Amino acid sequence: CFHNSCSGCSAASRCEPISLELCMNLPYNLTSFPNYLGHLSQRESSVSWEASLFPALVQTGCYQYLMFYACTLLVPKCDPVSLQKVPPCRSLCRNAKEKCESVLGIVGLTWPEDSDCSQFPEEGGNTSCLLPEDGVDECSPSHFKCRSGRCVLASKRCDGHLDCDDHSDEDNCGCSERALWECPGSKVCIKASMICDGFPDCPLLVDETNCSVCRDNELSCNNHQCVHRTLWCDGKKHCSDSSDEWNCVSLSDGSGSVLTVFRTAAEYQVCADEWNPELSKLTCNQLGLGVPSSVSMVADHPGFFLATDAPNVCLSLSLSVCLSVCLPVCLSECGQRPAVGLYPHRKKR
Amino acid sequence: ILGGRVSRLGSWPWQCSLQSGQSGHVCGCVLIDRRWALTVAHCFEGRESAELWKVVLGLNNLDHPGVHSQSRGVRSIIVHPRYNRAVVDYDISVVQLDSEVEETAFVRPVCLPRPSQLPSPDSYCYITGWGHMGNRMPFKLQEGEVRIISLSQCQSYFDMKTITPRMLCAGYDAGTVDSCMGDSGGPLVCEEDGGRWTLFGLTSWGSVCFSKVLGPGVYSNVTHFTPWIQQQIYIHTYLND
């Protein structure tokens with residue numbers, strides 16, 4: 001207490017640096033609380049109704065210095081010498097209210113009642129007060145400034161909607177402007193959360209490369225977990241996305257459509273010994289291809305390994321002994337419309 | 350379906366009706382295997398539990414199912430993990446029926462596209478469904494012929510939305526033939542040589558279709574999801590938990 005004694009010392013006023021993002025571009029950087037809206041701290045100010053109302057109101061362009069005025073209420077200037085708050089001048093308050101109160105009325109909102117202008121001093125009196133100096137920015141740091149000078153909320157920059165009167169908020173919208181990640185070698189933007197998540201989003205799948213470092217005896221799952229080689233295609237899920245059990249049975253792309261199984265992380269053919277029609281049916285079903293049309297046995301193809309321990313197949317004695325199973329095609333009876341034939345086809349006249 | 354016509358019984362034997370409790374028909378769906386169907390993820394918003402649903406096949410008239418219809422409960426619903434409700438991306442679900450259907454002339458699966466097989470722009474395909482016709486909801490299954498539209502041309506109709514590679518567009522500039530509410534999840538199929546029909550799209554979203562329709566409809570691009578679909582079927586069929 002400086003000038004007069006007081007019964008009990010209220011919390012000695014002190015200045016603190018401004019941390020409210022909305023008001024980080026003011027011509028002063030110290031504030032003190034409580035502020036002119038009754039908030040007791042910057043944290044309370046930052047989550048207040050006024051802290052979202054004023055930035056939205058600024059977008060309407062109702063008053064050039066509205067954001068400045070709002071900040072003198074939210075984070076009032078603190079004089080580092082006297083440690084006292086410096087209020088906005090009454091004319092600043094009056095201008096803001098006269099020009100913007102009606103805009104609020106349109107959307108059924110009311111002007112903040114705490115900001116009654118009569119509480120503020122007239123400029124030029126013996127109490128100093130704040131007026132916007134030249135160069136005060138009418139947009140806050142949480143706004144995007146349109147080429148035309150208007151302010152729109154930063155979240156509207158590159159959001160696909162034309163918000164600025166001159167559409168400049170949608171100009172030059174690269175990935176970083178939208179807080180997205182740019183795929184190397186292309187203009188495709190993806191969310192950071194999509195990198196290494198098991199779903200390829202970038203051309204050339206670059207967002208799914210170099211995502212895991214597995215040991216030699218492990219393979220990487222689709223979601224980049226590492227699972228031991230011996231656990232691949234063993235009929236049980238080990239990868240949380242079960243990708244260790246995907247594509248365990250396939251028909252090799254070669255002309256022969258040779259049946260190929262993936263066991264302990266290597267590809268094998270299947271020996272023909274003891275093969276039976278049930279296995280053909282199961283194989284086509286597992287491949288999602290309907291029913292087997294025919295099965296034939298072919299001599300093993302050079303360069304392929306032969307199955308040694310796959311269940312239900314022969315134990316090959318040597319590379320030359322075992323014939324391999326070949327399923328030329330699994331006939332799928334899909335996509336037919338037999339009922340259409342039930343009606344006499346309309347004869348075009 | 351706007352601008353379509355009544356289809357004959359058995360014309361689209363893979364078309365199914367996804368029904369829930371009192372609501373009756375909610376969405377379309379498509380049979381792809383004796384025990385598996387496809388639909389779109391947004392049909393399950395707010396009703397994710399399998400026991401709320403049943404699938405009816407071999408239908409033509411919603412009000413009179415008839416002797417060829419077959420009804421199955423739903424064992425499980427697998428919504429695509431990347432389904433994005435806000436932008437309606439990855440809008441697809443795999444539906445496991447609680448028992449196999451009997452394949453008849455009126456109930457048969459449609460083919461899934463081969464890897465990277467896409468319908469060529471400007472080719473003609475069919476959409477079917479019991480959705481809104483612009484002035485009323487039909488009882489009989491409607492069919493409409495639509496033209497495949499390239500993604501770049503489609504993007505020009507929807508400047509406020511992004512048409513992603515998971516989407517397929519079909520219809521006409523003036524929207525004369527289009528899908529509408531209630532058709533979601535139903536098929537967009539194209540005929541290949543030899544009379545074999547392949548499923549390339551699932552009705553997903555579009556501009557307002559009650560009043561004047563503008564632009565084409567947007568479908569989930571099934572080709573993009575074929576590997577994922579087959580993985581889900583394999584996992585739920587062959588893998589013990």
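So the protein lines, in turn, are chains A and B. Note that our numbering gives residue 250 to position 250 of the first sequence, counting from 1, and the numbers run on in steps of one. Note that our numbering gives residue 428 to position 79 of the second sequence, counting from 1, and the numbers run on in steps of one. Glycine included, each C-beta is placed from N, C-alpha and C at the ideal position. Every value quoted in this text rests on a predicted model; they were computed, and no experiment measured them.
Here's the rule I'm using: 16 or more other beta-carbon atoms within 10 Å means buried, otherwise exposed. How should residue i be labelled?
i                : result
Lys77 (chain A)  : buried
Gly550 (chain B) : buried
Phe33 (chain A)  : buried
Pro311 (chain A) : Low local confidence applies: a pLDDT of 37 at Pro311 (chain A) is under 50, so the model's placement there is unreliable, with the coordinate-based value given in what follows. Classification for Pro311 (chain A): exposed.
Phe455 (chain B) : buried
His391 (chain B) : buried
Gly353 (chain B) : buried
His39 (chain A)  : buried
Pro87 (chain A)  : buried
Met482 (chain B) : buried
Thr525 (chain B) : exposed
Tyr268 (chain A) : buried
Met509 (chain B) : exposed
Cys558 (chain B) : buried
Phe54 (chain A)  : buried
Gly174 (chain A) : exposed
Gly125 (chain A) : exposed
Ala386 (chain B) : buried
Gly566 (chain B) : buried
Ala179 (chain A) : exposed
Ser425 (chain B) : exposed
Counting only Cβ pairs nearer than 7 Å, list the residues of chain A close to residue i.
i                : result
Pro458 (chain B) : Cys334
Arg431 (chain B) : Phe199
Pro362 (chain B) : Arg337, Ala339
From the DSSP output, read off the bridge partner residues of residue i.
i                : result
Gly407 (chain B) : DSSP lists no partner for Gly407 (chain B).
Ala386 (chain B) : B:Leu380, B:Val444
Thr31 (chain A)  : A:Glu16, A:Lys77
Gln64 (chain A)  : In the DSSP output, where bridge partners are listed per residue, Gln64 (chain A) has none listed.
Thr552 (chain B) : B:Tyr568
Ile476 (chain B) : B:Gly493, B:Leu537
His143 (chain A) : A:Leu153
Cys100 (chain A) : Cys100 (chain A) pairs with nothing; no bridge assigned.
His228 (chain A) : A:Glu218
What is the DSSP secondary structure of residue i, counted as helix, strand or coil?
i                : result
Gly370 (chain B) : helix
Gly543 (chain B) : helix
Val450 (chain B) : coil
Ala523 (chain B) : coil
Gly160 (chain A) : coil
Glu494 (chain B) : strand
Thr572 (chain B) : helix
Ala351 (chain A) : With chain A covering only 1 through 349, there is no way to say anything about residue 351 (chain A).
Asp244 (chain A) : helix
Tyr439 (chain B) : coil
Pro338 (chain A) : helix
Thr110 (chain A) : coil
Asn387 (chain A) : An answer regarding residue 387 (chain A) cannot be provided, because it is not within the stretch 1 to 349 covered by chain A.
Lys510 (chain B) : coil
Gln419 (chain B) : strand
Phe488 (chain B) : coil
Ser375 (chain A) : This structure does not reach residue 375 (chain A), given that chain A is present from 1 up to 349, and the question cannot be answered.
Leu153 (chain A) : strand
Gln581 (chain B) : helix
Val356 (chain A) : The shown model of chain A, from 1 to 349, leaves out residue 356 (chain A), and the question about it has no answer.
Val86 (chain A)  : strand
Asn285 (chain A) : helix
Cys250 (chain A) : Just to set this straight, residue 250 (chain A) is Ser in the shown sequence, not Cys. If DSSP states are grouped into helix, strand and coil, Ser250 (chain A) belongs with the strands.
Met516 (chain B) : strand
Please list, in chain order, the chain A residues whose beta carbon lies closer than 8 Å to that of residue i.
i                : result
Gly359 (chain B) : Arg337, Pro338, Ala339, Val340, Leu342
Pro462 (chain B) : None at all; the shortest Cβ gap to chain A is about 10 Å.
Met516 (chain B) : None at all; the shortest Cβ gap to chain A is about 14 Å.
Met509 (chain B) : Gly160, His161
Interface residues of chain A around residue i at Cβ under 9 Å?
i                : result
Trp546 (chain B) : Cys334, Gly335, Gln336, Arg337
Taking Cβ-Cβ distances shorter than 9 Å, what residues in chain B pair up with residue i?
i                : result
Gln225 (chain A) : None at all; the shortest Cβ gap to chain B is about 15 Å.
Trp246 (chain A) : Pro576, Gln579, Gln580, Tyr583, Ile584
At a CB-CB cut-off below 7 Å, which residues of chain B make contact with residue i?
i                : result
Ser242 (chain A) : Ile584, Leu588
Gln432 (chain A) : With chain A running from 1 to 349 in the structure shown, residue 432 (chain A) is simply not present.
Step through the CB atoms of chain E and report whether any lies within less than 9 Å of the CB of residue i.
i                : result
Glu449 (chain B) : Among the protein chains in the structure shown, which are A and B, there is no chain E.
If you measure from the CB of residue i, is any heavy atom of the ligand MG nearer than 8 Å?
i                : result
Ser356 (chain B) : Absent from the structure shown: the ligand MG. Ligands present: none.
By the 7 Å beta-carbon criterion, what residues does the region 576-588 of chain B contribute toward chain A?
Answer set for the region 576-588 of chain B: Gln579, Gln580, Ile582, Tyr583, Ile584, Tyr587, Leu588.
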